[in-house]
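Participant: Here you go, one structure.
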Amino acid sequence: LRLDDRHEITITPSIGISLFPDHAQVPTDLLKRADLAMYQAKSAGRNQACAFDPAMQARLEESTALTAALHQGLQNDEFSLHFQPQVDAQGHPLGAEVLLRWKHPQQGLIPPSRFIPLAESSGLIVPIGHWVLRQACMQLKVWEAERHTERLELAVNVSARQFRQPDFAMQVVQALQETGANPSRLVLELTESLAREDLDDTTTKMELLRSHGIRFALDDFGTGFSSLSVLRQLPLQVLKIDGSFVRDIASHGGSAPIVSTIMGLARDLGLQVVAEGVETFAQHQALRTQQCPCFQGYLFSRPLPLAEFDNWLHASISLATRDQP
Ligand code: C2E
Ligand code: CA
Ligand code: CA
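Heads up: the sequence shown begins at 776 in the numbering used here, then just goes up one per residue.
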């Protein structure tokens, strides 16, 4: 569209189509379905037409029902936390990543990959994320009282919607103060896309929390498109090498050169490294050859409910004492 000699506007339509009488018999329903198809066209990249399909309606109804159930779940204590151990090169426990679990009263355990996106889009991630954070702080406080657990750290995932709340930093500080947990035992995991989104807001909040002693890890590192200048600007302490690089690190022509580059980068920037998704001895060996100091994955343990995590801790501590000369 040409406005005048200097201005031109490009318009891209997203069109939703619904058919009478196949898709609905009354005008309001027909329009609703065309609308749904239009949102599908938008999310498929815009500038295209998309026809209504009954599966769209089914998906919408399913996620609406699941979001309502998520609401209930928060009130009815249906959430719990699992702890996945992180170990050093000798296999000694360093701490754990806290992973959220939701037990739906009828459907049973629902994986985070299904409910976290819904919690994000509905905004429920804010109260849920706050609950996770408080539970983690309470656990740190409990561990502080025992000699064999006092040095353990906990890493907590923070979603973008939660981090962008204006009072996010205050909420974290408050959770630490109210529980009395030591801030230097808490690591907040952020993703590359979150960190990059609004760099000023991200840096300000991170620096404020840093001044309280809290540390930050960049999660799934290598899967996003972080520029090196972003990496240098953020007050980060830890890089988590994504499991997709660990998966084929030991195979010929695999990701060993990428991991080696990440290790070099981390060394130069003074960052700690955690390798995620370590499943085999070969992967572990290849990572150790590259001087990776910290590991997490099924090879050591799956994410565990607290009682089982305690058992795992005791078993690994008695192994360590047995190994000593
Ligand atoms: P993530 O932060 O990358 O978490 C690691 C995921 O990898 C976990 O899946 C864990 O169970 C899985 N994993 C660990 N070791 C291995 C391994 O050796 N092999 C393989 N194949 N997988 C492994 P999970 O628990 O299903 O969590 C999925 C995602 O959900 C997490 O990815 C995180 O993005 C999100 N999430 C979980 N808990 C929370 C939470 O409390 N808050 C927020 N905002 N997101 C969370
Ligand atoms: Ca994580
Ligand atoms: Ca991860």
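Even for Gly, the Cβ is constructed at its ideal location relative to N, Cα and C.
(1) Using only alpha-carbon positions, find the residue among V917, V931 and T998 that is nearest to T954.
(2) Measuring alpha carbon to alpha carbon, tell me which of E982, L869 and A970 ends up nearest D995.
(3) Less than 7 angstroms separating the Cβ of D994 from some heavy atom of ligand 2?
(4) Do L984 and A930 have their CB atoms nearer than 8 angstroms?
(5) Going by DSSP, what residues sit across from V931 in a beta bridge?
(6) Let me check you understand the geometry: is the CB of L1111 closer than 7 angstroms to at least one non-hydrogen atom of ligand 1?
(7) Does the segment 842 to 858 touch the segment 819 to 829, meaning 3 or more C-beta pairs lie closer than 8 angstroms?
(8) Could you check what DSSP says for Q859 in three-state terms: helix, strand or coil?
(9) Measure how close the beta-carbons of A935 and E964 come, nearest whole angstrom, since I'm counting them as under 8 angstroms.
(10) Going by Cα to Cα distance, which pick from Q847, A871, N957 and R1022 is closest to P1080?
(11) Are the segment 1053 to 1071 and the segment 1019 to 1034 touching, with three or more C-beta to C-beta distances below 8 angstroms?
(12) Could you tell me how far apart the beta carbons of L893 and L835 are, in whole angstroms, since I believe they sit closer than 8 angstroms?
(13) Which residue wins for smallest C-alpha separation from V907, given the options P880, R876 and P886?
(14) Among the candidates D797, T998, V1013 and Q881, whose CA atom is the shortest distance from the CA of R1042?
(15) Residues in the same chain with beta-carbon distance under 7 angstroms from D1017, minus the five sequence neighbours each way, listed in chain order, please.
(16) Taking S968 as the reference, give the member of Q949, A920, L1009 and L1040 with the closest Cα.
(17) Helix, strand or coil, according to DSSP, for H879 in the structure here?
(18) Would a C-beta distance cut-off of 8 angstroms place M831 and Q850 closer than the cut-off?
(19) What is the rounded straight-line gap between the Cα of L1046 and the Cα of N932?
(20) Excluding sequence positions up to five away, which residues of its chain have a Cβ less than 6 angstroms from the Cβ of E783?
(21) Please identify the residue among L1006, T979, L869 and H923 whose C-alpha is closest to the C-alpha of F1075.
(22) Straight-line CA distance for L845 to V1049?
(23) Who pairs with P868 in a beta bridge, going by DSSP?
(24) Return yes when the Cβ of A819 is within less than 8 angstroms of the Cβ of S793, no when it is not.
Facilitator: Put simply:
(1) Counting from one through the sequence shown, the residue named residue 954 turns up at place 179. Answer by Cα proximity: V917.
(2) Translated into the one-based positions of the sequence shown, residue 995 becomes position 220. If we check each option's Cα against that of D995, A970 comes out closest.
(3) Position 219 of the sequence shown, counting from 1, holds the residue named residue 994. True, at least one ligand heavy atom lies under 7 angstroms from that Cβ.
(4) To locate residue 984, count along the sequence shown from 1; it is residue 209. To locate residue 930, count along the sequence shown from 1; it is residue 155. When the beta-carbon positions are compared, L984 and A930 stay at least 8 angstroms from each other.
(5) Translated into the one-based positions of the sequence shown, residue 931 becomes position 156. V873 and L963.
(6) Nothing in the structure corresponds to residue 1111, since the chain is present only between 776 and 1100.
(7) Three or more beta-carbon pairs separated by less than 8 angstroms are not found between the segment 819 to 829 and the segment 842 to 858, which leaves the two stretches without contact.
(8) Numbered from 1 along the sequence shown, position 84 holds the residue referred to as residue 859. Residue state, collapsed to three classes: strand.
(9) Position 160 of the sequence shown, counted from the first residue, corresponds to residue 935. Position 189 of the sequence shown, counted from the first residue, corresponds to residue 964. Not quite, the Cβ-Cβ distance comes to about 12 angstroms (not below 8 angstroms), so this is no contact.
(10) The count along the sequence shown starts at 1 and reaches residue 1080 at position 305. When each option's Cα is compared against that of P1080, the closest is A871.
(11) Three or more Cβ pairs drawn from the segment 1053 to 1071 and the segment 1019 to 1034 lie within less than 8 angstroms of each other, which places the two stretches in contact.
(12) Position 118 of the sequence shown, counted from the start, is the residue given in the question as residue 893. Position 60 of the sequence shown, counted from the start, is the residue given in the question as residue 835. About 12 angstroms separates the two Cβ atoms, so there is no contact after all.
(13) On the sequence shown, residue 907 is found 132 positions in, with the first residue counted as 1. Comparing Cα-Cα distances from V907 to each of P880, R876 and P886, the minimum goes to R876.
(14) Within the sequence shown, residue 1042 is the residue found at index 267, counting from 1. The shortest Cα separation from R1042 among D797, T998, V1013 and Q881 belongs to V1013.
(15) Against the sequence shown, residue 1017 aligns to sequence position 242. Taking C-beta separations shorter than 7 angstroms and ignoring five residues to either side along the sequence, the partners of D1017 in its chain run D995, F996, G997, T998 and E1051, following chain order.
(16) Counting from 1 along the sequence shown, the entry for residue 968 is found at position 193. It is L1009 whose Cα lies nearest to the Cα of S968.
(17) The residue given as residue 879 occupies position 104 in the sequence shown. Strand.
(18) On the sequence shown, position 56 is the one that residue 831 refers to. On the sequence shown, position 75 is the one that residue 850 refers to. No, these two residues do not count as a Cβ contact at 8 angstroms.
(19) For the purposes of this step, residue 1046 is identified with residue 271 of the sequence shown, where counting begins at 1. For the purposes of this step, residue 932 is identified with residue 157 of the sequence shown, where counting begins at 1. Taking the straight line from one Cα to the other gives about 19 angstroms.
(20) Numbered from 1 along the sequence shown, position 8 holds the residue referred to as residue 783. Answer for E783: R777, listed in chain order.
(21) Looking up residue 1075 in the sequence shown gives position 300. Distance check between F1075 and each of L1006, T979, L869 and H923 places L869 closest, using alpha-carbon atoms only.
(22) Residue mapping note: residue 845 aligns to position 70 of the sequence shown, counting from 1. Residue mapping note: residue 1049 aligns to position 274 of the sequence shown, counting from 1. So the alpha carbons of these two residues sit roughly 32 angstroms apart.
(23) Against the sequence shown, residue 868 aligns to sequence position 93. Paired residue(s): V862.
(24) One-based indexing of the sequence shown puts residue 793 at position 18. One-based indexing of the sequence shown puts residue 819 at position 44. A819 sits away from S793, with the two beta carbons spaced by 8 angstroms or more.
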